[in-house]
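Read the structure below first, then the notes.
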Amino acid sequence: MGAGTRIITSMKFSTAPRKELIMKDIYSNKIEQIPESKYRDLLIILSNRRSSDSAISRRELAYRMNMSDREVRELITRARKSRFPIIINHNEGGYYLSNDINEIQEFRSRELHSRINDLKATDDGMVEAIEFLKEFSPDQITIDEVVRR
Numbered sequence: 000m001g002a003g004t005r006i007i008t009s010m011k012f013s014t015a016p017r018k019e020l021i022m023k024d025i026y027s028n029k030i031e032q033i034p035e036s037k038y039r040d041l042l043i044i045l046s047n048r049r050s051s052d053s054a055i056s057r058r059e060l061a062y063r064m065n066m067s068d069r070e071v072r073e074l075i076t077r078a079r080k081s082r083f084p085i086i087i088n089h090n091e092g093g094y095y096l097s098n099d100i101n102e103i104q105e106f107r108s109r110e111l112h113s114r115i116n117d118l119k120a121t122d123d124g125m126v127e128a129i130e131f132l133k134e135f136s137p138d139q140i141t142i143d144e145v146v147r148r
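Each residue of the sequence shown is one higher than the last, beginning at 0 in numbering that gives the first Met the number 0.
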């Protein structure tokens, strides 16, 4: 090496902007593969909403997409099942597509686990109601008993 040549032994780069770009590209590539539809339109809108600060309300989504609130909720559910981590910000009242693992885990704990627990409690109540009713009409058979036969 010449006298003016320096050897760089260590360099530190921030990965945050690159990571954000990679995540956006991952979602963009996935969205591009979806045929044109209201579902795809929803994902395109949300792909530009990446934080709670830029969240968009369901009412605004419904207006922009000329859909009912229920249809928008159904599309959001479909997207979540297809690995698009759409988060709701209750404070700001809107949705956004997150790429933050901690945010996604918080959403799971706050929203999904509470629903699972609520459904389990409802199911337990129904099972107890069946057992209670059996005491008054022991000759009535349940669907479970029919299936077992």
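The C-beta atom is built at its ideal place from N, Cα and C for all residues, glycine as well. From a predicted model like this one, the values you see are computed outputs, not experimental measurements.
Q: Could you check the C-alpha separation between Thr76 and Asn65 for me, to the nearest Å?
A: As a first step, residue 76 must be located in the sequence shown, where it is residue number 77. As a first step, residue 65 must be located in the sequence shown, where it is residue number 66. Approximately 18 Å, taken between the alpha carbons.
(message) Let me check understanding here. Comparing Cα to Cα, which of Ala78, Arg57, Arg63, Lys80 lies closest to Arg179?
(response) Shown here, the chain extends from 0 to 148; a query on residue 179 therefore has no answer.
Close beta carbons around Glu91, own chain, < 7 Å, minus the five adjacent residues each side
Along the sequence shown, read from residue 1 onward, the residue named residue 91 stands at position 92. Cβ neighbours of Glu91 beyond the five flanking positions: Ser51, Ala54.
Self-check item: Sequence-distant residues of its chain with Cβ nearer than 6 Å to Phe135 (five each side left out)
Solution: As a first step, residue 135 must be located in the sequence shown, where it is residue number 136. Result list for Phe135: empty, nothing under 6 Å.
- Which residue comes first and which comes last in the beta strand (DSSP E) that contains Leu96? Taking the sequence shown and counting its residues from 1, the one referred to as residue 96 is at position 97. Here the beta strand (DSSP E) through Leu96 covers 93-96.
- Message: Tell me the rounded alpha-carbon separation between Ile25 and Asn116.
- Response: Here residue 25 refers to the residue found at position 26 when the sequence shown is read from its first residue. Here residue 116 refers to the residue found at position 117 when the sequence shown is read from its first residue. Approximately 33 Å, taken between the alpha carbons.
For this session: Quick one: give me the first and last residue of the beta strand (DSSP E) that Ile55 is part of.
Result: The residue given as residue 55 occupies position 56 in the sequence shown. In the DSSP assignment, Ile55 falls outside any beta strand (DSSP E) and carries neither an H nor an E.
- Whose C-alpha, out of Arg109, Arg107, Ser36, Ile86, is nearest the C-alpha of Asn98? Start at 1 with the first residue of the sequence shown, and residue 98 comes out as number 99. Among Arg109, Arg107, Ser36, Ile86, the Cα nearest to that of Asn98 is on Ile86.
With 16 other Cβ atoms within 10 Å as the buried cut-off, status of Leu118: Locating residue 118 in the sequence shown gives position 119, counting from the first residue. Residue environment: Leu118 is assigned as exposed (fewer than 16 neighbouring CB atoms within 10 Å of its CB, all protein chains considered).
By the DSSP assignment, the beta strand (DSSP E) with Asn88 in it spans what residues? Residue numbering aside, residue 88 sits at position 89 when the sequence shown is read from its first letter. For Asn88, the enclosing beta strand (DSSP E) starts and ends at 85-88.
Along the chain, where does the alpha helix (DSSP H) that runs through Met125 open and close? Here residue 125 is taken as the residue at index 126 of the sequence shown, counted from 1. Where Met125 is concerned, the enclosing alpha helix (DSSP H) stretches over 112-135.
Using CA coordinates, which residue listed in Pro34, Val126, Glu59 is at the minimum distance from Leu45?
-> By one-based count along the sequence shown, residue 45 stands at place 46. From the listed residues Pro34, Val126, Glu59, the smallest Cα separation to Leu45 is found for Glu59.
(message) At the level of alpha carbons, what is the spacing between Phe12 and Ile100?
(response) Stepping through the sequence shown from its first residue, residue 12 is reached at position 13. Stepping through the sequence shown from its first residue, residue 100 is reached at position 101. Residue placement at Phe12 cannot be trusted, given a pLDDT of 44 that sits under 50; what the coordinates show is reported in the next sentence. Near 21 Å, if we compare the C-alpha coordinates of Ile100 and Phe12.
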